[in-house]
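Undergrad: Residue numbers (our numbering), protein chains in the order written: chain W, 38 to 303; chain A, 64 to 427. C-beta: ideal position from N, C-alpha, C; glycine also. Being a predicted model, the structure only gives us computed values, none of them experimental. Following this message is one structure expressed as structure tokens.
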Amino acid sequence: MASRFDIRRQTGFPTVALFCFFLLYLPLSVVVIFAFNSGTSIAVWEGFSFRWFVQAWSNQQVVDASIRSVQIASVAAVIATVAATMAALATTRTRPYRGLTFKYAFINQPLMVPEIVTAVALLIFFSRIKIATGYSGLGYLMIAHAAFCIPFAYLPIRARLESMDTALETAAADLYATPWQAFRRVTLPLLWPGIIAGLMLAFVISLDDVVITEFVKSAGQDTLPTYMLGQLRRVVTPEINAISTAFLGISVAIVTVFFLISRKKT
Amino acid sequence: MPEKPDQIAIDVRHVTKVFGFGPDKVHALKDVSVAIRENEFFTLLGPSGCGKTTLLRLIAGFDFPTDGEILLHGQDIAPLPPYKRPVNTVFQSYALFPHLTVAQNIAFGLEMLGRPRAEIDARVSQMLTLVRMEELRNRSTAQISGGQQQRVALARALAPQPKVLLLDEPLSALDFKLRKEMQIELKRLQHETGITFIFVTHDQEEALTMSDRIAVMSAGNILQVGSPKDIYDRPAVRFVADFIGETNFLEAAMVSSTKDRASVRLGSGAVIDASVPKGFSPSGKVTVVIRPEHARLADDGGELSGRLANIVYFGTDTHFHVDLDGGGSFIVRQQNTRDESRRAQEGDKVSIVVGTGAAQVLRD
Numbered sequence: 038m039a040s041r042f043d044i045r046r047q048t049g050f051p052t053v054a055l056f057c058f059f060l061l062y063l064p065l066s067v068v069v070i071f072a073f074n075s076g077t078s079i080a081v082w083e084g085f086s087f088r089w090f091v092q093a094w095s096n097q098q099v100v101d102a103s104i105r106s107v108q109i110a111s112v113a114a115v116i117a118t119v120a121a122t123m124a125a126l127a128t129t130r131t132r133p134y135r136g137l138t139f140k141y142a143f144i145n146q147p148l149m150v151p152e153i154v155t156a157v158a159l160l161i162f163f164s165r166i167k168i169a170t171g172y173s174g175l176g177y178l179m180i181a182h183a184a185f186c187i188p189f190a191y192l193p194i195r196a197r198l199e200s201m202d203t204a205l206e207t208a209a210a211d212l213y214a215t216p217w218q219a220f221r222r223v224t225l226p227l228l229w230p231g232i233i234a235g236l237m238l239a240f241v242i243s244l245d246d247v248v249i250t251e252f253v254k255s256a257g258q259d260t261l262p263t264y265m266l267g268q269l270r271r272v273v274t275p276e277i278n279a280i281s282t283a284f285l286g287i288s289v290a291i292v293t294v295f296f297l298i299s300r301k302k303t
Numbered sequence: 064m065p066e067k068p069d070q071i072a073i074d075v076r077h078v079t080k081v082f083g084f085g086p087d088k089v090h091a092l093k094d095v096s097v098a099i100r101e102n103e104f105f106t107l108l109g110p111s112g113c114g115k116t117t118l119l120r121l122i123a124g125f126d127f128p129t130d131g132e133i134l135l136h137g138q139d140i141a142p143l144p145p146y147k148r149p150v151n152t153v154f155q156s157y158a159l160f161p162h163l164t165v166a167q168n169i170a171f172g173l174e175m176l177g178r179p180r181a182e183i184d185a186r187v188s189q190m191l192t193l194v195r196m197e198e199l200r201n202r203s204t205a206q207i208s209g210g211q212q213q214r215v216a217l218a219r220a221l222a223p224q225p226k227v228l229l230l231d232e233p234l235s236a237l238d239f240k241l242r243k244e245m246q247i248e249l250k251r252l253q254h255e256t257g258i259t260f261i262f263v264t265h266d267q268e269e270a271l272t273m274s275d276r277i278a279v280m281s282a283g284n285i286l287q288v289g290s291p292k293d294i295y296d297r298p299a300v301r302f303v304a305d306f307i308g309e310t311n312f313l314e315a316a317m318v319s320s321t322k323d324r325a326s327v328r329l330g331s332g333a334v335i336d337a338s339v340p341k342g343f344s345p346s347g348k349v350t351v352v353i354r355p356e357h358a359r360l361a362d363d364g365g366e367l368s369g370r371l372a373n374i375v376y377f378g379t380d381t382h383f384h385v386d387l388d389g390g391g392s393f394i395v396r397q398q399n400t401r402d403e404s405r406r407a408q409e410g411d412k413v414s415i416v417v418g419t420g421a422a423q424v425l426r427d
């Protein structure tokens, strides 16, 4: 019998696959399981309880950090998405020219430059501005987050634009739509799923950031991830597991919606 | 005056279109001039890459000519953007807006023109009736068949009542039977709306059956403009004769000529009468074309003779491939009848009778 090559039937494949799954999910499941521990240990199971979720929820610092995280992520995601949409339009709705590839690289800079380098640069840059203006609000974090979120918002929007038939925009112009009307009535409605996907991806990326936030934030500006990092340096209770679990749930939910949206046709 | 200007819908004057720069330069159109009359079904016919779609895009305003003018009822529209031209297009891919319904697609142009709602609604209903799509008005364009999408694309382009409708190979995506139906449908729509249609195709049969006039294009030039009958019966140059239908090319020598007629001597020695393209005075050696159906087989007494090499049966007619005595080959097409009494066999000596007025001298 002629046997087609199938990677799943190769010797050792199941072993490697299982090993990878364990590596990926075992640590996560430990965190999630001990979030429901009734004792104070993150290693010894004592019984099932929601007490750590309740405690985290009533911890004012956790609530404040969560609100701050969402505020920063919302503003940063919106700024990043607007910038990314404009960048995507500018790089796809044009005749290809020399230097276009360079422009892609330029837009995707945050994906290439090590985050710690950007963090240090922003720390120095913003500290000057802080001294000059006296302003020390969340604005710095929002702008910093917006900057590194741009490529994440850009990629799904550009993908959407590239898969869109440009004859549609030509047809709109043919039917007396000015360039702005063609954009409003044809391009934008068809681009929405890409924009929403980009927005959600940017939101999740911002929500999750530690390094840049840690460098840029002023005193009392902990986001949820930096708060958790701070807690880990002290006594560790399953409260941190509970927060992690809730965080994980939210991230998974958003990313799932992102995939559903970007898979949607039309 | 050659032609009254008010009867000309689109006047293309010395239009050149160059794409790219330096060594990548492509001359898509080379000093093309053509006048398209009002209410005419005009076809741009040619193989892919001949410049027919480029010319259409210049008229629509999707591209701008490198040189030359395009007049619409006497006004130069070449510098205008597409949304300022009273010209609409049916795209090869239809380019229907997928987020809008059938009725919303048709209403799009009228909305952009800022027409009142009542007028738009009335016009959309009228268009849906015209293309027989009334019951599908609220469907999404993804839920209808290719033929129906074609009709919506037509209705959408006709709704703003353009001065000229441009059709870019609109039937190429349809299967054979549907294509035949749509050919008739398009002719009907053109008659009912009275709008000038400019139709682009590479399908010579489509061009012959639908057009009032055809422009045959090749390599960025218009080679000949004329009625389907002109183009088919009186091709001016070899490319046109070869591209449209099947034909026989014969070398001949000029004997004498008047303004549009000539006597030519064929390789067999026979002298026949041939027509001459306008404004061409041939001399010496020329090429003569004769369509396969304008000649018939005989036992003797014809202008050409040879041996029957091959018989190909086509149902409605039969093609006889003859190897001529003086070299070269000749195809004769004959309508099939039920009279089977006398039929030539492969290998027979045959004579070919060229019909009166069948021969045409080529310009090249």
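Where does Q268(W) fall in DSSP's three states?
TA: Looking at Q268(W) - three-state DSSP - the assignment turns out to be helix.
Undergrad: Rank I168(W), Q146(W), R222(W) by C-alpha distance to the C-alpha of I187(W) and give the top, closest one.
TA: It is Q146(W) whose Cα lies nearest to the Cα of I187(W).
Undergrad: Note down, one range per segment and in chain order, each alpha helix (DSSP H) of at least 4 residues found wholly within the stretch 203-285 of chain A.
TA: Fully enclosed alpha helix (DSSP H) runs of 4 or longer: 209-221, 239-256, 267-273.
Undergrad: Can you give me the C-alpha to C-alpha distance between M38(W) and G49(W), rounded to a whole angstrom?
TA: With a pLDDT of 48 at M38(W), under the threshold of 50, the modelled position of that residue is not reliable, and the figure given next carries that caveat. Straight-line Cα distance between these residues: approximately 23 Å.
Undergrad: Is it the case that the Cβ atoms of R324(A) and D336(A) are separated by a distance below 8 Å?
TA: In contact: R324(A) and D336(A) (Cβ atoms closer than 8 Å).
Undergrad: Curious, which full-length alpha helix (DSSP H) runs of at least 4 residues does the stretch 281-357 of chain A contain?
TA: Entirely contained in the stretch 281-357 of chain A, the alpha helix (DSSP H) runs reaching 4 residues are, in chain order, 291-296, 301-306.
Undergrad: Show which residues of chain W have a CB atom less than 8 Å away from the CB atom of N151(A).
TA: Those are D211, L212, listed as they occur along chain W.
Undergrad: Who pairs with G369(A) in a beta bridge, going by DSSP?
TA: Partner(s): L387(A), V413(A).
Undergrad: Below 7 Å on C-beta distance, what does G172(A) contact in chain W?
TA: Ordered by position in chain W, the residues that pass the 7 Å Cβ test against G172(A) are L212, Y213.
Undergrad: Sort out for me which residues DSSP pairs V253(W) with in a bridge.
TA: DSSP, once it has assigned bridges, lists no residue as partnering V253(W).
Undergrad: Under 8 Å, Cβ to Cβ, is there at least one residue of chain A near T207(W)?
TA: Chain A, which has a Cβ nearer than 8 Å to the Cβ of T207(W), makes this yes.
Undergrad: Can you tell me where the beta strand (DSSP E) with S96(A) in it begins and where it stops?
TA: Where S96(A) is concerned, the enclosing beta strand (DSSP E) stretches over 89-100.
Undergrad: Just checking: is the beta-carbon of S156(A) within a distance shorter than 8 Å of some beta-carbon in chain W?
TA: So yes, S156(A) belongs to the interface.
Undergrad: Using a cut-off of 7 Å between C-beta atoms, extract the partners of A123(A) located in chain W.
TA: In chain order: D211.
Undergrad: Which runs of the alpha helix (DSSP H) fall wholly inside the stretch 189-243 of chain W and span at least 4 residues, in chain order?
TA: Counting only runs of 4 or more, we get 204-211, 216-219.
Undergrad: When we look at the beta-carbon of P216(W) and count the other beta-carbons within 10 Å, is it buried (16 or more) or exposed?
TA: When all chains shown are included, P216(W) counts as exposed.
Undergrad: For the beta strand (DSSP E) that contains F154(A), what are its first and last residues?
TA: Counting along the chain, F154(A) falls outside any beta strand (DSSP E), and DSSP gives it neither H nor E.
Undergrad: What's the C-alpha gap between V97(A) and R426(A)?
TA: Going by the C-alpha atoms only, they are around 20 Å apart.
Undergrad: Is there a C-beta anywhere in chain W that falls below 8 Å from the one on P161(A)?
TA: Interface residue, yes.
Undergrad: S331(A): which of D296(A), P128(A), E314(A) sits nearest, CA to CA?
TA: Taking only the C-alpha atoms, the option nearest S331(A) is E314(A).
Undergrad: Under DSSP, the beta strand (DSSP E) around Q423(A) begins and ends at which residues?
TA: Taken as a continuous stretch (DSSP letters only), the beta strand (DSSP E) holding Q423(A) covers 422-424.
Undergrad: So that I know if they touch, is there some Cβ in chain W lying closer than 8 Å to that of V237(A)?
TA: Reading off the sequence shown, one finds Leu at residue 237(A), where the question assumed Val. Not closer than 8 Å to any Cβ of chain W, the Cβ of L237(A) fails to qualify, so no.
Undergrad: Counting pairs of Cβ atoms below 8 Å between the stretch 216-235 of chain W and the stretch 115-124 of chain W, do you hit three or more?
TA: Counting Cβ pairs under 8 Å, three or more are found: they touch.
Undergrad: Taking the C-alpha atoms as reference points, what is the distance between M123(W) and F220(W)?
TA: Distance between the alpha carbons of M123(W) and F220(W): 12 Å.
Undergrad: Any C-beta of chain W sitting closer than 8 Å to the C-beta of E119(A)?
TA: The displayed chain sequence assigns Leu, not Glu, to residue 119(A). Taking Cβ atoms only, chain W never reaches closer than 8 Å to L119(A), which makes this a no.
Undergrad: Find out if the Cβ-Cβ distance for the pair V95(A), I285(A) is shorter than 8 Å.
TA: Cβ distance < 8 Å, so V95(A) and I285(A) count as in contact.
Undergrad: Taking P355(A) as the query, report the chain W residues whose CB atoms sit under 7 Å from its CB, ordered along the chain.
TA: None at all; the shortest Cβ gap to chain W is about 41 Å.
Undergrad: In whole angstroms, what is the alpha-carbon distance linking T164(A) and A222(A)?
TA: Whole-angstrom Cα-Cα distance: 15 Å.
Undergrad: So which residues on chain W does M175(A) lean against when the C-beta distance must stay under 7 Å?
TA: Near M175(A) (Cβ distances below 7 Å), the residues of chain W are L212, Y213, A214, Q218.
Undergrad: Where are the beta strand (DSSP E) runs, 3 residues long or more, that stay fully inside the stretch 106-144 of chain A, in chain order?
TA: Within the stretch 106-144 of chain A, the complete beta strand (DSSP E) runs of at least 3 residues are 130-135.
Undergrad: Got a sec: which bits of the stretch 221-252 of chain W sit with their beta carbon under 8 Å from any beta carbon on chain A, in order along the chain?
TA: Per Cβ criterion, the list reads R222, V223, P226, L227.
Undergrad: Does the beta-carbon of A123(A) have 16 or more other beta-carbons within 10 angstroms, so that it is buried, or is it exposed?
TA: Classification of A123(A): buried, given that the 10 Å Cβ count is 16 or more.
Undergrad: What do you reckon, are the CB atoms on I292(W) and V241(W) nearer than 8 Å?
TA: For the sequence presented, residue 292(W) should be read as Val rather than Ile. In contact: V292(W) and V241(W) (Cβ atoms closer than 8 Å).
Undergrad: Name the chain A residues whose beta carbon is nearer than 8 Å to that of A80(W)?
TA: In chain order: nothing, as chain A lies at least about 54 Å away.
Undergrad: Between L65(W), F59(W), L60(W), which has its C-alpha nearest I280(W)'s C-alpha?
TA: Ranking L65(W), F59(W), L60(W) by Cα distance to I280(W) puts L65(W) first.
Undergrad: Work out the CA separation of V248(W) and V289(W) for me, nearest whole Å.
TA: Each residue's alpha carbon lies about 21 Å from the other.
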